[in-house]
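Residue numbers (the working numbering), protein chains in the order written: chain A, 12 to 675; chain V, 336 to 481; chain Y, 789 to 916.
For reference, the structure discussed in these notes is given below.
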Amino acid sequence: MQRIGVFVCWCGSNIAATVDVQAVSDALAREPGVVFAANYQYMCSQAGQDMIRDKIHELGLTGVVICSCSPRMHEATFRKTCEKAGLNPYMVEIANIREQVSWVHKDKAVGTEKAIVLGRAAIAKVQLNTPLIAGETPVTKRALVIGGGIAGIQTALDIADAGFPVDIVEQKPTIGGKMAQLDKTFPTLDCAACILTPKMVEAGQHENIRILSYSEVEEVHGFVGNFDVKIRRKARFVDETKCTGCGLCTEKCPMRKVPNEFNMGLDNRSAIYIPFAQAVPKVATIDPRYCMMLNSGKCGVCSKVCEAGAINYKQEDEILEEKYGAIVAATGFNPISLDKFDEFAYSRSPDVVTSLEFERLMNAAGPTGGTLLRPSDHEHPHTIVFVQCVGSRCDASAEKGKEYCSKICCMYTAKHAMLTREKYPDTEVYVFYIDVRTPGKGFDEFYRRAVEQYDVHYIKGMVGKVVPEGKKLRVQASDLLDDRQLVIDADLVVLAAAIEPDKSARPLATKLTASMDTNDFFTEAHPKLRPVESPTAGVFLSGACQGPKDIPDTVAQAGAAASKVIGLLVKDKLIGNPCVAKPDELMCNGCSSCEKVCPYGAITYEDKPLRGPNRTTVYRRVACVNPAVCQGCGACTVACPSGAMDLQGFSNRQIMAEVDAICR
Amino acid sequence: MQVNEAFTPTIVAFCCNWCSYAGADLSGNNRLSYPANVKIIRIPCSCRLNPMFVLRAFQRGADGVILCGCHPGDCHYSTGNYYARRRMTLLFSMLDYLGIERERTRVEWVSAAEGAKFAQTMNEFVETVTALGENRRLEDFRCKVR
Amino acid sequence: MNKKDLSAEIIRISGGSPEKCMRCGKCTGACPAFDDMEVHPHQFATMIREGRVEELAAKKGLYNCMSCFACSERCPRSVEPARLIEAVRVYALRQSGGNHLAADDVPGLLDEALPQQAITSALRKYAK
């Protein structure tokens with residue numbers, strides 16, 4: 012018979028206000044097997060833990076039940092307390108009487124009764140607990156970063172500097188991400204390329220970093236510390252080891268009508284291309300959709316001019332299989348498609364552009380060489396209207412845009428407005444806003460400079476429609492503070508489009524079994540306290556894939572993710588979860604039902620010698636669970652037709668005892 | 336079937352540790368209300384729910400049983416909820432054959448971020464089961480402790 | 789009816805959601821009748837929520853609204869200002885207790901240049 016101690020926590024007034032804790036401990040004291048029951052204000056505090064420890068020693072407790080907050084909060088805490096007191100940590104059960112009782116039920120009598128029932132269930136369960144010893148798994152000391160933008164690069168650099176090898180997988184031919192497309196960054200007006208390219212070069216040259224560009228993650232198997240990943244290295248038709256990045260092929264390629272993604276389609280590139288001058292790796296790539304040689308067998312100019320002999324039209328995709336201990340998702344964002352917002356005439360006029368397109372128009376390496384010119388006729392715009400919140404802050408039921416605020420647009424529009432006014436003092440700039448959100452360091456001061464020093468016309472109101480009229484764009488908008496409707500004949504209209512996670516994020520989340528929210532942002536393990544970890548152990552989050560954010564926040568989060576990864580990789584072994592499946596070999600008939608449902612391949616079969624009749628030895632094929640690989644889901648236990656498979660820590664009898672206690 | 340106005344059904348909710356149990360905690364964090372008839376049993380994954388447990392609950396006098404798990408595709412153990420879904424479909428078909436009202440059982444996918452959905456689901460389920468009245472068909476009076 | 793109940797009634801018959809309004813002004817930005825109204829779409833949601841329905845109903849400019857529904861179409865938050873103001877007009881009409889336009893009057897008012905929508909919206913505005 013167990014000797015069970017019950018400890019009921021007040022949690023200050025969190026539990027005690029709506030649950031009569033004294034009544035609970037009194038009622039539970041009367042349960043069979045309970046030799047001690049008490050209640051105290053803060054069981055998780057030092058004093059509370061000391062009480063548990065003392066009672067374990069004093070009364071020789073063999074099992075402990077804590078009625079407190081959710082086990083997801085403090086199960087680990089109380090397990091440690093008991094372990095230090097000499098009691099096996101798995102002889103502890105938690106009854107959740109805070110998140111699932113005191114915080115949801117207002118009536119004290121009702122809450123107290125339910126707390127007692129849940130306490131009884133926990134006691135019934137712990138009666139059947141057996142001591143469990145946790146196993147160990149080795150850790151592969153290598154990290155995988157998926158995404159090569161500033162988030163992925165920073166995370167990789169931090170992990171590599173700590174001495175661990177890192178692979179960066181980037182779907183584009185070069186790392187750099189969105190930041191490489193930016194001109195200047197707020198609030199310092201640093202040139203984006205100037206601060207990014209040194210990091211890109213460092214990543215490219217770091218002895219601990221391997222960049223797998225133009226590649227995608229195909230499959231992920233395994234679990235924390237032991238991931239097996241298949242990476243598809245897409246064929247560039249150029250030998251990366253031979254290409255010198257001289258760019259001659261890109262100059263000579265006759266197919267020059269490919270929309271240039273780097274310049275957001277505002278100009279064209281060739282079929283064989285290097286995305287931008289500072290690309291890392293500086294290697295050409297052939298776009299198979301447009302290459303005449305690959306499609307029709309004609310041309311071959313690039314191969315003829317290449318002095319390094321790097322062109323290989325026969326190159327095929329390569330699958331790489333690698334092992335990693337930790338995976339970081341850093342897949343970034345894209346502006347949304349504006350097809351549901353055609354009141355702004357985006358599809359009808361080339362002079363209505365998104366902010367990212369405007370960024371390219373301002374950039375010295377952009378389609379207009381850094382002079383701000385209208386895309387339609389390459390003339391100088393004398394009046395520019397910026398429209399905020401296009402597709403952000405929308406109502407979900409309208410299904411037109413995103414519900415959230417995209418966070419970066421107020422600041423980048425202030426930047427665009429300011430840079431325009433500085434370079435072209437004759438150009439009038441209007442910004443139509445709903446709110447101006449400037450929470451960061453130096454942000455509001457930056458916005459005030461735009462208004463006060465650079466004379467940007469900030470108008471609280473919104474553009475109702477944009478109608479192309481001749482060479483101009485007739486913008487009709489409201490000015491709410493002065494109660495008027497304005498009609499402005501603009502030369503250029505810039506839309507601050509909402510941002511959304513990259514399309515590759517959702518399929519990746521499925522491969523990693525990492526959770527996502529309804530907007531396809533990766534969910535963090537805890538929104539406040541664990542912002543860089545996914546609930547899936549071993550998967551970490553870095554950058555805008557977790558939520559819209561600007562560069563300072565991205566770099567901060569990237570470092571945080573790296574520190575978590577380093578904390579994992581620095582361990583030689585991980586203490587496993589001992590709540591694993593265990594077959595009863597005498598009942599197992601070797602049917603393989605369990606093996607088929609195990610997601611981890613933790614079950615194998617062996618011929619076990621068992622005692623047969625008349626003292627003979629019989630060999631029977633029985634299931635064998637690898638406790639290091641088993642994650643304790645329990646799928647096998649239910650699949651087993653003979654009931655031979657059970658799950659330690661959540662055994663059939665334990666769960667049924669809980670059911671019995673609840674239904675009493 | 337008589338419906339007693341003061342009848343409060345006993346509801347056993349099996350919640351998977353990773354999504355739905357966290358969702359239940361979140362509804363507590365947000366101070367959303369649902370009736371106290373709902374008692375939650377934590378299981379590592381929705382696939383741990385053996386149909387025997389459902390029958391046991393009804394045998395012991397529960398009036399409704401609900402299984403909550405991760406959304407399909409989001410299972411922490413990747414495939415567990417698919418098995419749970421299939422098993423529960425078969426189980427409910429069998430219960431239907433036994434004459435147990437379909438509304439006494441439910442499967443709901445609740446993520447860790449859906450505190451409001453959890454509370455709403457429990458509110459609805461309790462209302463439905465209350466309207467059905469006490470479970471008489473599977474209750475085994477030999478097991479009554481009272 | 790007290791102010792609060794009247795607001796609730798207007799919201800109920802309109803099917804709009806004034807609580808969702810974020811005062812962005814896109815409705816007013818899109819409104820083609822701006823110059824002919826002394827109160828504008830971006831004010832409807834707040835005035836109704838604040839219990840100023842009578843004040844709103846007394847504005848003459850309400851009848852210059854063209855019922856074009858551009859405000860509802862452009863609103864990013866599904867507030868439906870056109871439906872809100874329609875409900876206020878219906879309320880005003882019910883208060884004054886009469887039809888100001890009967891179906892039989894319409895043929896006499898027809899004009900080749902009159903767009904069909906004007907007839908439909910006039911019937912909606914002036915007939916109970």
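By construction, the Cβ of each residue, glycine as well, lies at the ideal position given by its N, Cα and C atoms.
With a threshold of 7 Å on Cβ separation, who are the neighbours of residue i within its own chain once the five nearest residues in sequence on each side are excluded?
i         : result
ARG481(V) : Model confidence at ARG481(V) stands at a pLDDT of 47, short of 50, so the residue's coordinates are unreliable; what they give is reported in the following sentence. Result list for ARG481(V): empty, nothing under 7 Å.
GLY122(A) : THR29, VAL30, VAL112, SER113, HIS116
ASN374(A) : ASP194, GLY381
SER805(Y) : SER866, VAL867, GLU868
THR166(A) : VAL156, VAL339, ALA341, SER553, ALA569, ALA572, ALA573
THR463(V) : GLU438
CYS478(V) : GLN394, ARG395
Let me make sure I understand the geometry here. Which of the options has the alpha-carbon closest to that of residue i?
i         : options                                    : result
TRP353(V) : ARG395(V), PHE460(V), ALA448(V)            : ALA448(V)
ASP239(A) : GLY612(A), ALA569(A), PRO652(A), PRO518(A) : GLY612(A)
ALA915(Y) : GLN905(Y), ASP899(Y), ALA890(Y)            : ALA890(Y)
LEU430(A) : GLN399(A), VAL467(A), LYS413(A)            : VAL467(A)
ALA6(A)   : ALA132(A), GLY163(A), MET667(A)            : Here chain A comprises residues numbered 12 to 675, so residue 6(A) is not present and cannot be evaluated.
GLU768(Y) : PRO820(Y), ARG912(Y), THR816(Y), GLU900(Y) : Because chain Y here runs from 789 to 916, residue 768(Y) falls outside it and cannot be looked at.
THR414(V) : GLY645(A), MET656(A), ILE673(A)            : GLY645(A)
THR196(A) : SER314(A), ASN625(A), GLY23(A), GLY453(A)  : GLY453(A)
ALA295(A) : LYS136(A), GLU251(A), PHE175(A), ILE666(A) : GLU251(A)
ALA634(A) : ALA282(A), CYS605(A), GLY654(A), THR141(A) : CYS605(A)
LEU331(A) : ALA288(A), VAL231(A), GLY402(A)            : VAL231(A)
PRO370(V) : ARG377(V), ALA348(V), LEU390(V)            : ALA348(V)
Excluding five sequence neighbours on each side, which residues of the same chain lie with their C-beta closer than 6 Å to the C-beta of residue i?
i         : result
ALA38(A)  : ILE127
ILE105(A) : ILE77, PRO82, GLU86
GLU443(V) : CYS403, THR456
TYR418(V) : CYS382
GLN60(A)  : THR92
TYR630(A) : ASP618, PRO620
MET336(V) : For MET336(V), the predicted model reports a pLDDT of 45, less than 50, meaning its position is unreliable; a value from the coordinates is still stated below. Closer than 6 Å at Cβ, skipping near neighbours: GLY468.
ILE801(Y) : ALA875
Considering only DSSP beta bridges, list what residue i is partnered with.
i         : result
PRO479(A) : LEU484(A)
PHE238(A) : GLY233(A), TYR335(A)
THR628(A) : ARG622(A)
ASP353(A) : None, per the DSSP bridge assignment.
ILE15(A)  : VAL45(A), GLY74(A)
ARG441(V) : ILE401(V)
PRO617(A) : Pro is not the amino acid found at residue 617(A); the sequence shown has Glu there. According to DSSP, GLU617(A) bridges with VAL633(A).
ASP490(A) : ARG495(A)
Check the Cβ of residue i against every Cβ in chain V and list those closer than 8 Å, keeping chain order.
i         : result
LEU658(A) : PRO379, ARG383
MET667(A) : MET387, PHE388, ARG391
THR524(A) : ASP409, CYS410, HIS411, TYR412, SER413
What does a CB cutoff of less than 8 Å around residue i pick up in its chain, not counting 5 residues either side in sequence?
i         : result
VAL447(A) : CYS421, ALA425, TYR458, TYR469
PRO589(A) : TYR101, LEU143, ILE144, ALA145, GLY146, PRO638, GLN659, GLY660
GLY587(A) : ALA145, GLY146, GLU147, THR148, PRO638, ALA639
LYS792(Y) : GLY839
HIS393(A) : ASP437, THR438, GLU439, ASP502
Find the residues of chain A that neighbour residue i, judging by a C-beta separation of less than 7 Å, and give them in chain order.
i         : result
ARG395(V) : VAL670, ASP671, CYS674
So which residues of chain Y does residue i contact, with C-beta pairs closer than 7 Å?
i         : result
ILE445(A) : MET810, CYS812
So which residues on chain V does residue i lean against when the C-beta distance must stay under 9 Å?
i         : result
PRO82(A)  : ASN352, TYR356, ARG377
GLY645(A) : ILE378, PRO379, CYS380, CYS382, ARG383, LEU384, ASN385, TYR412, GLY415
For residue i, go through chain A and note every residue whose CB falls closer than 8 Å to its CB, in chain order.
i         : result
ASN364(V) : GLU110, TRP114
VAL347(V) : VAL670, ILE673, CYS674
LYS374(V) : LYS125, VAL128, LEU129, ALA132, ILE673
Given 6 Å as the limit, tell me if residue i has its C-beta closer than that to any heavy atom belonging to the ligand GDP.
i         : result
TYR630(A) : Among the components of this structure there are no ligands whatsoever, and the ligand GDP is therefore not found.
Could you list which residues in chain Y have their beta carbon closer than 8 Å to that of residue i, in chain order?
i         : result
VAL474(A) : LYS814, GLY817
LEU6(A)   : No statement about residue 6(A) is possible, as the shown extent of chain A runs from 12 to 675 and does not include it.
ARG359(A) : Within chain Y, no residue comes near ARG359(A); the closest Cβ sits about 16 Å away, beyond 8 Å.
Applying a beta-carbon distance threshold of less than 9 Å, which residues of chain Y neighbour residue i?
i         : result
ALA409(A) : CYS863, PRO864, ARG865, SER866
Review point. Considering only residues of the segment 44 to 126 of chain A, which uninterrupted alpha helix (DSSP H) runs meet the minimum length of 4 residues and lie entirely inside it, listed in chain order?
Key: 57 to 70, 82 to 95
Exercise for review: Enumerate, from N- to C-terminal direction, the unbroken alpha helix (DSSP H) stretches of 4 or more residues contained entirely within the segment 493 to 580 of chain A.
Suggested key: 516 to 523, 562 to 580
Review point. At what residue ranges does the segment 374 to 430 of chain V contain a whole run of the beta strand (DSSP E), taking only runs of 3 or more?
Key: 399 to 404
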